[in-house]
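Student: Take any residue in the sequence shown, note its place counting from 1, add 1374, and you have its number in our numbering. Using N, Cα and C, we set each Cβ at its ideal position, and we do this for glycine too. On a predicted model such as this, the values are computed, not experimentally measured, just so you know.
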Amino acid sequence: MKVLILAGGRGTRAYPYTDYLPKPMMPIGGKPIIMRVMQIFANQGVTDFVLSLGYRKEIILDYFAGRNMGWNVELVDTGDESDTGDRVRLCKDRLGDEFFVTYSDGLCDVNLAKLCDFHRGHDGLVSITNVPLRSQYGTIESDREGRVRAFREKPVLPEHRINAGFCVMNKGVFDLWEGHSLERDVFPNLLAHKTLYSYDHDGFFKSMDTFKDQQELEAMFEAREFDWIEGPAAPAAKLAVAEPA
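1. Alpha carbon to alpha carbon, how far is residue 1572 from residue 1483?
2. Under 7 Å between the Cβ atoms of residue 1398 and residue 1416?
3. Provide the residue span of the beta strand (DSSP E) that contains residue 1578, from first to last.
4. Tell me the DSSP bridge mates of residue 1480?
5. Have a look at 1396, 1581, 1405, 1426 and flag the residue whose alpha-carbon is nearest the alpha-carbon of residue 1379.
6. The beta strand (DSSP E) spanning residue 1466 covers which residue range?
7. Under a Cβ-count criterion, where at least 16 other Cβ atoms within 10 Å of its own Cβ denotes burial, should residue 1394 be classed as buried or exposed?
8. At which residues does the beta strand (DSSP E) containing residue 1492 begin and terminate?
9. May I have the straight-line CA-CA distance separating residue 1590 from residue 1404, to the nearest angstrom?
10. Below 8 Å on the Cβ atoms is my guess for residue 1499 versus residue 1547; work out the distance and round it to an integer in Å.
11. Contact defined as beta carbons within less than 8 Å: I believe residue 1377 pairs with residue 1474. What is the distance between those atoms, to the nearest angstrom?
12. Tell me which residues share the same chain as residue 1429 and place their Cβ nearer than 7 Å to its Cβ, disregarding the 5 neighbours each side in the sequence.
13. Counting Cβ pairs closer than 8 Å, one from the segment 1576-1591 and one from the segment 1478-1494, do we hit at least three?
14. At which residue ranges does the segment 1496-1545 contain complete beta strand (DSSP E) runs of 3 or more residues, listed in the order of the chain?
15. Leaving out five residues before and five after residue 1458 in sequence, what residues of the same chain have Cβ atoms less than 6 Å from its Cβ?
16. On the three-state DSSP scale, how would you describe residue 1417?
17. Taking the C-alpha atoms as reference points, what is the distance between residue 1477 and residue 1584?
18. Please report the Cβ distance between residue 1511 and residue 1528, rounded to the nearest whole angstrom; I am assuming they are in contact, meaning their Cβ atoms lie under 8 Å.
19. So the candidates are 1532, 1480, 1543, 1523; which of them puts its Cα closest to the Cα of residue 1410?
20. Residue 1452: which of 1505, 1543, 1464, 1442 sits nearest, CA to CA?
21. Measure from the alpha carbon of residue 1540 to the alpha carbon of each residue in 1448, 1562, 1504, then state which is nearest.
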């Protein structure tokens, strides 16, 4: 299976970093976060990648040129202004009958084999991984009189779940593809056709949406909370650079 990684957005919420650096290249433990995402797949035996590029693509192209990783990596320019759904559609002829799609800024310890088993066990075209929402704020617990009983620092809210990326798709999904955005157009249309499924994952997930998130992820790396991402050394990579779709 191939993995399509969406790496072309502008990442405006991570300003000022993304004023000169595409968000997929923001560092976590000395490596761009896109490399950490790719390591998650490679550690589970999935090493065939298609990277959908756009904003500041030359920086990503320069980084991967001649790099020794042990993975097959195809770099595709899908345009500076394309939305997420457009980037997937423009790469459809490079992906095969079944493929992963994920973002370049989210880290998750999802078991990919179990995700695929779930996907193959239903009749849908897409399975998305969902995780419990972690509040970005601390919460207060009070009794009936208003006396504060406890503070909870950024608690997990299990009754609310969010899309963590890490999707599996069948090629037939392109027959129902509508709109430009995965989140606002494509997925709601699949929902209407009853062909969208969601896989529950209760393990680790954190995305790097802002500069503050980058600092938090960096601190977690320094605390060795990401040792599960680090994989063994591998032979030389095969790199291909595609023309714009």
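Tutor: Taking the coordinates as given:
1. Approximately 16 Å between the Cα atoms of the pair.
2. In this structure, residue 1398 keeps its C-beta atom at 7 Å or more from the C-beta atom of residue 1416.
3. Premise fails: residue 1578 is in no beta strand (DSSP E) and is neither H nor E.
4. Bridge partners of residue 1480: 1581.
5. Residue 1379 has its Cα closest to that of 1426, out of 1396, 1581, 1405, 1426.
6. Taken as a continuous stretch (DSSP letters only), residue 1466 belongs to no beta strand (DSSP E), as it is neither H nor E.
7. Exposed, by the Cβ-count rule.
8. Segment 1486-1494 is the alpha helix (DSSP H) holding residue 1492; no beta strand (DSSP E) there.
9. Their backbone Cα atoms lie some 14 Å apart in a straight line.
10. Sure, about 4 Å apart at Cβ, within 8 Å.
11. About 4 Å separates the two Cβ atoms, so the contact holds.
12. 1382, 1383, 1384, 1396, 1454.
13. These segments touch.
14. Along the segment 1496-1545, the beta strand (DSSP E) occurs as fully enclosed runs of 3 or more residues at 1500-1508, 1513-1516, 1522-1526, 1530-1537, 1541-1544, listed in sequence order.
15. Here the set comprises 1380, 1555, 1556.
16. In the structure shown, residue 1417 falls within a coil segment according to DSSP collapsed to helix, strand and coil.
17. Cα-Cα distance, rounded: 15 Å.
18. So it is a contact: roughly 7 Å between Cβ atoms.
19. Checking every option, the nearest Cα to that of residue 1410 belongs to 1480.
20. Residue 1452 has its Cα closest to that of 1464, out of 1505, 1543, 1464, 1442.
21. The shortest C-alpha separation from residue 1540 is found at 1504.
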